[in-house]
């Protein structure tokens, strides 16, 4: 009987040890599942962060490229404005040359009119002299007669 009790207690202890080992290995499996879930969650959030970083970089590239395009557009506008200013300056110079030519023509006309008047004056003086000479001749004839 003593042996049976001892054997029963031994089996009880054995069963207890096995149950303990079973509980421990179940806990270990649970911890492993938890670690696996945590690793998965970490990988997923890392993927999420990576995607976010990529999107941010893409946005930066786009905005950088937009800034570059804007700079190019501004440079083009400035060049166009400069071409327009140059064209206006050329037109102004051409108009100034035209005005200068017109002034020269006017001066020439004034000079020509003055010459014309001089010639007319000369002609009139010639006529006066001629008529004076004729008058002298006639008065001389009168004296003779």
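Residue numbers (UniProt numbering): 1 to 145. In this text, a Cβ means the ideal position worked out from N, Cα and C, and glycines have one as well. None of the values given here were measured: they were computed from a predicted structure.
The alpha-carbon separation between residue 18 and residue 44 amounts to approximately 38 Å. Per DSSP, reduced to three states, the secondary structure at residue 81 is helical. Under the three-state reduction of DSSP, residue 47 is assigned to helix. C-alpha of residue 59 to C-alpha of residue 84: approximately 37 Å in a straight line. Rounded to whole angstroms, the separation of the alpha carbons of residue 79 and residue 64 is 22 Å.
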